[in-house]
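Peer 1:
Numbering (our numbering), first residue to last: 390 to 561.
#1: At what residues does the alpha helix (DSSP H) containing residue 455 begin and finish?
#2: Quick check: residue 392 and residue 467, are their CB atoms within less than 8 angstroms of each other?
#3: Could you give the distance in angstroms between the alpha-carbon of residue 579 and the alpha-carbon of residue 508?
#4: Between the stretch 463-479 and the stretch 439-448, are three or more C-beta pairs nearer than 8 angstroms?
#5: What are the start and end residues of the alpha helix (DSSP H) that includes residue 406?
#6: How is residue 426 classed by DSSP in three states: helix, strand or coil?
#7: Quick one: what's residue 549 bridged to in DSSP?
#8: Less than 8 angstroms between the CB atoms is what I'm expecting for residue 524 and residue 541, so what's the real figure, rounded?
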């Protein structure tokens, strides 16, 4: 569950087994459902039971593998995956490829969560693309929303002066 994407039918089966356990449903007798499943899945901090949606929980566990690839690029697992799937690129820009394994597909599925919630720390800006990378702090989108005035593949470093200050005339 923490390495590969579970089929949705299996997630639904696990969900049904948990519901059957809590509601005591069997073929001969149907017990009363004291609470809706949505309420049971709210956080424990809110006084509910905190059940997880199995497919989302599975994606979060698989996303941990993606995070390990980012955090420990010298591990054996990362070196093997890099040699096979993303030789000339970094993991965040890696594509599915022509003949991917089920594990690689699963890791890329988990990477979607990392990409949604992460943003770059600028530093020199040499590795950060202005329009394609998540680098601005916003609630909905980490990318510029203004009309494009630079080339599509421009780097943030082009917006920083040699003194390390923003080139305000370029930004505004």
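We put the CB at the ideal spot given by N, CA and C, even for glycine.
Note that the structure is a prediction, hence the values are computed from the model and not measured.
Peer 2: Result, derived from the coordinates:
#1: 443-460
#2: no
#3: The question about residue 579 has no answer here: the residues shown for the chain are numbered 390 through 561.
#4: no
#5: 397-412
#6: helix
#7: 555
#8: Their Cβ separation, rounded to whole angstroms, is 15 angstroms, which puts residue 524 and residue 541 out of contact at 8 angstroms.
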